[in-house]
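Asks: Numbering (the numbering used here), first residue to last: 487 to 646.
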Amino acid sequence: MEYINEFGILYELLLSLLLGGIIGFEREMAHKAAGLRTHMLVAGVSTFFVAMGDSILISYKLHGFGDLIRADPFRVIGAIVTGLSFIGAGTIIQNKKLDRIEGLTTAASLLFVGAIGIAVALQKFILAAGSTLIVLVVNRGIMFIEKKISFRKTDEHPEA
């Protein structure tokens, strides 16, 4: 019985890695600081933390210690968000020569793949896949629109 649950977690982990990899591939092709592997790992670790939290609760209940544990799933999610925000901050750079901030979109993409990983762990597979497509549209499609109507000061789009 326990092994079935572990195989389910591995399936979710692989799905998270795939979805994170799709977004990471787009970032990699745009030559950003965080690319394929980073996005895959962020999505995967988010799924893994949520799944392990659930596994710990189940294990305590099976051994008769369920009453000793108070669970708050928002704490796990909060810890994931805090960690990912720290990682994302490492991708943000102020370019004084060009008078702009770079890396914000990549930082937001990392945070988003973390949320996708959480969605997978909660078995919200359609939401996770749909969110992945939405992020791709935002990262690529909106950049195309920005180039066409010149939202930015220059024609260069380093964060796209």
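Just so you know, even glycine gets a beta-carbon here, dropped at the ideal spot from N, CA and C.
G521: beta carbon under 7 angstroms from a heavy atom of the ligand ADP?
Replies: Only the bare structure without any ligand can be found here, which leaves the ligand ADP out of the picture.
Asks: Identify the continuous beta strand (DSSP E) that holds I587 and give its terminal residues.
Replies: 586-588
Asks: Are the CB atoms of A594 and I602 nearer to each other than 8 angstroms?
Replies: no
Asks: Do the segment 548-558 and the segment 609-625 make contact, defined as three or more Cβ pairs closer than 8 angstroms?
Replies: no
Asks: Going by DSSP, which residues form a beta bridge with I566?
Replies: Answer is none; I566 lacks a bridge partner.
Asks: Between which two residues does the alpha helix (DSSP H) carrying I579 extend?
Replies: From DSSP, I579 is part of no alpha helix (DSSP H) but of the beta strand (DSSP E) over 579-581.
Asks: What's the gap between the Cα of D641 and the Cα of E514?
Replies: Because D641 carries a pLDDT of 48, less than 50, the predicted location of this residue cannot be relied on, and no value is offered for it.
Asks: Using only CA atoms, which one of L590, A557, I509, L501 lies nearest to G530?
Replies: Comparing Cα positions, the closest option is L501.
Asks: Use the C-beta contact count for T568: other C-beta atoms within 10 angstroms, 16 or more gives buried, fewer gives exposed.
Replies: exposed
Asks: Where does F551 sit, in a helix, a strand or coil, going by DSSP?
Replies: coil
Asks: Going by beta-carbon coordinates alone, are T533 and L499 separated by less than 8 angstroms?
Replies: yes
Asks: Expressed to the nearest angstrom, what Euclidean distance is found between the alpha-carbon atoms of E512 and K518?
Replies: 9 angstroms
Asks: Considering V621, what are the terminal residues of the alpha helix (DSSP H) in which it resides?
Replies: 611-622
Asks: According to DSSP, is G576 part of a helix, a strand, or is it coil?
Replies: coil
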